[in-house]
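Everything on this sheet refers to the single structure shown next.
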Amino acid sequence: MSSADLVVLGAGPAGLAAAWRAARSGRSVTVLERAPVIGGMAGSFEVAGVRVDHGSHRLHPATSPRLLADLHDLLGDDLQLRRRHGRLHVGDVWVGFPLAAAELAQRIPRRMLVGMAVDAATAPARRRPSPPANYADALTRGLGPTLYRALYAPFALKLWGLPGERIDAEQARRRVTADTPWKIAARIVRRRGNGQGRLFHYPRRGFGQIVEALAQAASDAGVRIALGTAAEQLVPGADRVRVRLGDGRSIEAGQVFSTVPLPTLAKIVTPGPPERALAGAAQLRFRAMVLVYLVVDRRQRWTPYDAHYLPDADTPVTRVSEPANYRANLDDPADRTVLCAELPCALDDEVWSASDHDLAARVCDDLARTGLPAIRPSAVVTRRLRHVYPVYDVGFRTRLEELDAWAAALRRITTFGRLGLFAHDNTHHAMEMAYDAVDALDTGGSVDQAAWSAARARFATHVVED
Ligand SMILES: Cc1cc2nc3c(=O)[nH]c(=O)nc-3n(C[C@H](O)[C@H](O)[C@H](O)COP(=O)(O)OP(=O)(O)OC[C@H]3O[C@@H](n4cnc5c(N)ncnc54)[C@H](O)[C@@H]3O)c2cc1C
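So that you can map any letter, position 332 of the sequence shown is 332 in our numbering, and since no number is skipped, the others follow by simple counting.
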């Protein structure tokens, strides 16, 4: 463990993809993962014999051909192509999601349909030359007030804990793929094409099979993966970085790739960022999430849908998924199913600290009120994630830019991944960053700054798929 060409912090998809690619190019690589298991947010685990994910996870068709080809090589036929089959709660009704024109016309409340039609017709009048002031302004200008108020405003409050007026417009650009009525209409009408929004890739044994296959391939290529091992301190030098571990040992690294949260990196590098950037780092916030897994003993699935999306303001649940419906897997038990409810929250609120019993009762009651089949769970399991959604509150940009400028100037340390760049990105984005970081390494083992800057410019155009 005492030296390596490359030390990677974090064994999520970004860290593992980087480690595998770097090892394939002949480098010695050590991965340090604080948790006792690999995978980060993209890992899977078992609840009552059913493989489940950390909330609803899909590999989107936007995944680049080079990455998809590698994943097909690793997973073979286990990487299935599936059709999305979800539902969205609009007003008092459930509509299919992705949206279908005929169903929308029949089921959406008339008042809302008329509002949407008026908003579409008046879209040109809402255009302004000035940049939008915030998330609410961006989406009200683009989509119109009807859809914004019914869906996007309540979702924003639940996901990020802030009203749309206090969220930066950048959040709208990064999170909303169809940001005008016409783009939504085009998505509804376009049933063929590359499958964007309608199809997804998913492994037979859960989303975590991707990171498990990456970890296996990385190990086979010689990567050492140290679990339960956090990097406590990084001291960059002229030609090495000293990585100090919790037990006092250290590793000399030619290069460090960090996929840990950017504010965490600011705390462990010595010397740290200037006072101002450090103060800014302390104000960069992440939303946390409680995942509530409900085991339901029954011979059929709870519903035939993969996920139900709930913008409703009167429940903290944003989505409930049924993992067995994401795949065709004969190994899934026939006499039970597991549901997973996602509850975004803050570390100091009542959702985060509620007991498992209270959380389960709340989820069951709230879902029953929306007309979904009653749930009588035989067991409840919860998971609590501290760093889930980066919060782009108004003013975040300056704080992030200062911290990012400090991180970019670090010698032999490069940060990327969803938490490492404080971005909302998908798994395929995180893995793509990893590939680009390895490709930017020069023969001396340092990152070529011009190549990395070009890659960063590409990452800035990422738009998250839900
Ligand atoms: C509810 C939910 C739904 C999602 N749905 C989708 C989806 O449908 N499709 C999709 O593509 N993506 C989805 N994502 C996003 C996806 O999970 C992430 O994009 C992906 O996991 C990011 O990978 P990463 O390696 O950058 O970060 P992570 O997965 O967060 O991995 C970072 C790793 O670093 C480790 N770490 C932290 N600090 C230290 C330290 N000091 N030392 C060592 N290790 C450390 C952590 O333990 C973790 O394992 C979803 C995420 C959530 C929360």
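Heads up, the beta-carbon is just placed ideally off N, CA and C, and yes, glycines get one too.
Judged by pairs of C-beta atoms under 8 Å, the region 391-407 touches the region 258-278, as three or more such pairs exist. Cβ-Cβ separation between residue 44 and residue 206: approximately 3 Å, consistent with a contact (criterion under 8 Å). By DSSP's assignment, residue 341 forms a beta bridge with 292 and 320. In the structure shown, residue 54 falls within a coil segment according to DSSP collapsed to helix, strand and coil. One Cα belongs to residue 129, the other to residue 118, and the distance between them is close to 22 Å. By the 16-neighbour rule on beta-carbons within 10 angstroms, residue 415 is buried. For residue 436, the enclosing alpha helix (DSSP H) has its first and last residue at 427-439. Taking 8 Å as the cut-off, the beta carbon of residue 203 is found no closer than this to the beta carbon of residue 286.
Residue burial annotation: residue 6 is buried, with at least 16 other C-beta atoms found within 10 angstroms of its C-beta.
Under DSSP, residue 234 takes part in a beta bridge, and its partners are 243 and 269. With distances taken between CA atoms, residue 409 lies nearest to 446 out of 378, 165, 446 and 109. Around the Cβ of residue 263, a 10 Å sphere holds 16 or more other Cβ atoms; the residue is buried.
Secondary structure at residue 346: coil, using DSSP grouped into helix, strand and coil. For residue 20, same chain residues with a beta-carbon under 8 Å away, outside a window of 5 residues either side, are 214, 217, 218, 221 and 223 in chain order. Remark: the C-beta of residue 203 is outside contact range of ligand 1, defined as less than 7 Å to any heavy atom. Within the region 5-86, the complete alpha helix (DSSP H) runs of at least 4 residues fall at 13-24 and 65-75. Listed as beta-bridge partners of residue 88 by DSSP are 95 and 309. Taking C-beta separations shorter than 6 Å and ignoring five residues to either side along the sequence, the partners of residue 351 in its chain run 290, 316, 343 and 345, following chain order. With contact defined as three or more Cβ pairs closer than 8 Å, the region 126-145 and the region 356-363 are not in contact. Counting only residues of its own chain and dropping the five nearest sequence neighbours on each side, residue 392 has a CB closer than 7 Å to the CB of 167, 168, 170 and 171. Here residue 465 is buried. Its C-beta has 16 or more other C-beta atoms within 10 Å.
Here the distance from the Cβ of residue 112 to the nearest heavy atom of ligand 1 is not below 7 Å. Out of 463, 235 and 314, the CA that lies nearest to the CA of residue 89 is found in 314. Taking all protein chains in view, the Cβ of residue 54 is crowded by 16 or more other Cβ atoms within 10 Å, so the residue is classified as buried. Pairing residue 428 with residue 85 gives a Cβ-Cβ distance that is not under 8 Å.
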